[in-house]
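Quick notes on the structure that follows.
In my numbering, the protein residues as written are -19 to 109.
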């Protein structure tokens, strides 16, 4: 498992980041998701100025997407890509448009941005059974 972002804050089932830490089509910020398991993580990216958060699992096989910590975008910065399977996901919907899981989606997490903070609700995703 890759290390979790050190600047995240866990408060009442929410993860909070500073808005300035997330750049458009840049590196994503990772965070732990203990309700999904000891090594489960989530991530948030900024695309077209808005933050989008997902469980860090490919829709094809439950492995992390990023090829280096926080590296979720393809070279053109227009899709999130699974480093293992090459699946391409729309950053704003999590919908897979190419790869072995075409037509499936990443698991989204509720995220809001206000007062220079990005707040992700970990309770917005049901535990995997």
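Cβ coordinates follow ideal geometry from the N, Cα and C atoms, glycine included.
Bear in mind the structure is a predicted one, so any value in this text is a computation, not a measurement.
Distance from the CA atom of residue 22 to the CA atom of residue 58, rounded to whole angstroms, is 20 Å.
Secondary structure note for residue 94: its beta strand (DSSP E) is the uninterrupted segment 88 to 94. If you look at residue 33, you'll find it in the beta strand (DSSP E) that goes 30 to 35. With distances taken between CA atoms, residue 68 lies nearest to 37 out of 91, 93, 37 and 49. Beta-bridge partners assigned by DSSP to residue 49: none are found.
Around the beta carbon of residue 53, 16 or more other beta carbons lie within 10 angstroms, which makes this residue buried. In the DSSP assignment, residue 104 falls outside any beta strand (DSSP E), carrying neither H nor E. Per DSSP, reduced to three states, the secondary structure at residue 42 is coil, with no helix or strand assignment. Beta-bridge analysis with DSSP links residue 23 to 10 and 34.
When the five nearest sequence neighbours on each side are left out, the beta carbons in the same chain lying within less than 8 Å of the beta carbon of residue 3 are those of 26, in order along the chain. Leaving aside the five residues that flank residue 72 on each side, the residues in its chain whose CB is nearer than 8 Å to its CB run, in chain order, 27, 28, 30 and 32.
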